[in-house]
Amino acid sequence: MQNQNTSPDILSTTETLDATRERVRRTRRKRRAAWLTAGGIVAVGAIVGSGFAIQTAVADQEQRVAATAALTAATERDTDQLTAAGGLLEAHAAKKAEDTLATADATIAKAKGKADATELASTVASLEYYTHLAPERVFALADQTSDHVSKVAAQVKEFDRKAAEKAAAEKAAREKAAAEKAAAEAAAAETESSYSAPSYPSGPANPSGAQATARDLMASMYGWGGDQFGCLVDLWNKESGWNVYAQNPSSGAYGIPQALPGSKMGSAGGDWATNATTQIKWGLGYIAGRYGTPCGAWSHSQSVGWY
Numbered sequence: 008m009q010n011q012n013t014s015p016d017i018l019s020t021t022e023t024l025d026a027t028r029e030r031v032r033r034t035r036r037k038r039r040a041a042w043l044t045a046g047g048i049v050a051v052g053a054i055v056g057s058g059f060a061i062q063t064a065v066a067d068q069e070q071r072v073a074a075t076a077a078l079t080a081a082t083e084r085d086t087d088q089l090t091a092a093g094g095l096l097e098a099h100a101a102k103k104a105e106d107t108l109a110t111a112d113a114t115i116a117k118a119k120g121k122a123d124a125t126e127l128a129s130t131v132a133s134l135e136y137y138t139h140l141a142p143e144r145v146f147a148l149a150d151q152t153s154d155h156v157s158k159v160a161a162q163v164k165e166f167d168r169k170a171a172e173k174a175a176a177e178k179a180a181r182e183k184a185a186a187e188k189a190a191a192e193a194a195a196a197e198t199e200s201s202y203s204a205p206s207y208p209s210g211p212a213n214p215s216g217a218q219a220t221a222r223d224l225m226a227s228m229y230g231w232g233g234d235q236f237g238c239l240v241d242l243w244n245k246e247s248g249w250n251v252y253a254q255n256p257s258s259g260a261y262g263i264p265q266a267l268p269g270s271k272m273g274s275a276g277g278d279w280a281t282n283a284t285t286q287i288k289w290g291l292g293y294i295a296g297r298y299g300t301p302c303g304a305w306s307h308s309q310s311v312g313w314y
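Residue numbers (my numbering): 8 to 314.
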């Protein structure tokens, strides 16, 4: 309530001061509010910044944990993969060894008596222990064994080739010999079938003199029969006419058998020049030694003109 005793001027001045004070208080409140706001913002910013930092740190930690877990899982997978790969390698090595040994054993069996398989047998003996060897060693031994297999197989093949050629040559020789023999037998059979015994002369049924003596001597001394007697009769008819004293004027042959020289007949007896029996004995011996039979001597004489 205004004091009724107060001057109007004083009242006006007081009101002005009060209004001024109010404006100052409002200004201060605004500034304080601004400061508080600003401080709040700064505080909130600090808090928020700290939250971001905390969140970032957590995220980084989580990422590092995840990375570690991933690395561990990858390492475990690599170990499993390596283990699996190792098992596959060993299986492959075992299969390689078994296949190589089977081939090598078959080759050694084929090489018996044909090729030297000593080195191959040595590598086979080593490869047979493949279950105790590293895969790399198994592969190396398998390759070495395969090389020896190739060499031995080549030797066996060459041996078989030569043996086949030899067998073929021997077979061809046998077939040729058989063919030649068959041809010879066929020719002989043809010759025999076409052969006709020569027509030999027959001797007199009742010979006399020197011919009778000759027939008796040829039978007793050589076993010749009447078929040979006819050849002897004609042979000496041609040579001397059975004349004890017959002599060839050009050659000097003498006697019934026409011995050349006549003195040869001395081996049958000293009376060779005059005795028909002595001459016949010598003549029969000459025929037997030179032609076999009187008919052989007769055939020769017919062919060349002498005996």
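Glycine included, every Cβ here is placed at the ideal spot set by N, Cα and C.
- Straight across, the Cα-Cα distance linking Lys-173 with Ser-133 is about 38 Å.
- Taking all protein chains shown into account, Asp-106 has fewer than 16 neighbouring C-beta atoms within 10 Å of its C-beta and is therefore exposed.
- His-307: member of the alpha helix (DSSP H) spanning 301 to 311, first to last residue.
- Taking 9 Å as the cut-off, the beta carbon of Leu-291 is found closer than this to the beta carbon of Tyr-229.
- Within the DSSP secondary-structure output, Gln-254 pairs in a beta bridge with Tyr-261.
- In the three-state DSSP reduction, Ala-266 falls in the strand class (E or B).
- With fewer than 16 other CB atoms across the displayed protein chains lying within 10 angstroms of its CB, Tyr-252 is exposed.
- DSSP places Pro-211 outside both helix and strand once states are collapsed to three, so it counts as coil.
- The alpha-carbon of Ser-308 is positioned some 15 Å away from that of Ala-266.
- Nearest to Glu-246 by C-alpha distance, out of Gly-237, Tyr-261 and Thr-138, is Tyr-261.
- With distances taken between CA atoms, Val-145 lies nearest to Ala-104 out of His-155, Ala-104, Glu-187 and Val-131.
- Looking only at Ser-258, Ser-227, Arg-222 and Gln-254, the smallest Cα-Cα distance to Asp-241 is reached by Arg-222.
- Contact annotation, Leu-127 with Ala-111: C-beta distance approximately 6 Å; criterion of less than 8 Å satisfied.
- Each of Gly-277, Gln-218, Pro-256 and Ser-258 was checked against the Cα of Gly-248, and the nearest Cα belongs to Gln-218.
- Following the DSSP letters along the chain, one finds Met-225 inside the alpha helix (DSSP H) bounded by residues 217 to 229.
- Around the C-beta of Tyr-136, fewer than 16 other C-beta atoms lie within 10 Å, and the residue is accordingly described as exposed.
- By alpha-carbon distance to Lys-158, the top candidate from Ile-115, Ala-109, Pro-142 and Ala-191 is Ile-115.
- In this structure, Thr-138 lies near Ala-101, with their beta-carbon atoms less than 9 Å apart.
- Here the alpha carbons of Lys-169 and Ser-306 stand approximately 55 Å from one another.
- Leaving aside the five residues that flank Arg-181 on each side, none in its chain has a CB nearer than 8 Å to its CB.
- Where Tyr-298 is concerned, there is no enclosing alpha helix (DSSP H), because DSSP gives it neither an H nor an E.
- Under the three-state reduction of DSSP, Trp-249 is assigned to coil, being neither helix nor strand.
- Straight across, the Cα-Cα distance linking Gln-286 with Pro-264 is about 7 Å.
- Taking C-beta separations shorter than 6 Å and ignoring five residues to either side along the sequence, the partners of Phe-236 in its chain run Gly-210 and Arg-222, following chain order.
- Assigned with DSSP and collapsed to three states, Glu-135 falls in coil, not helix or strand.
- Closest in C-alpha terms to Leu-224, from the list Gly-233, Tyr-293, Pro-301 and Lys-288, comes Lys-288.
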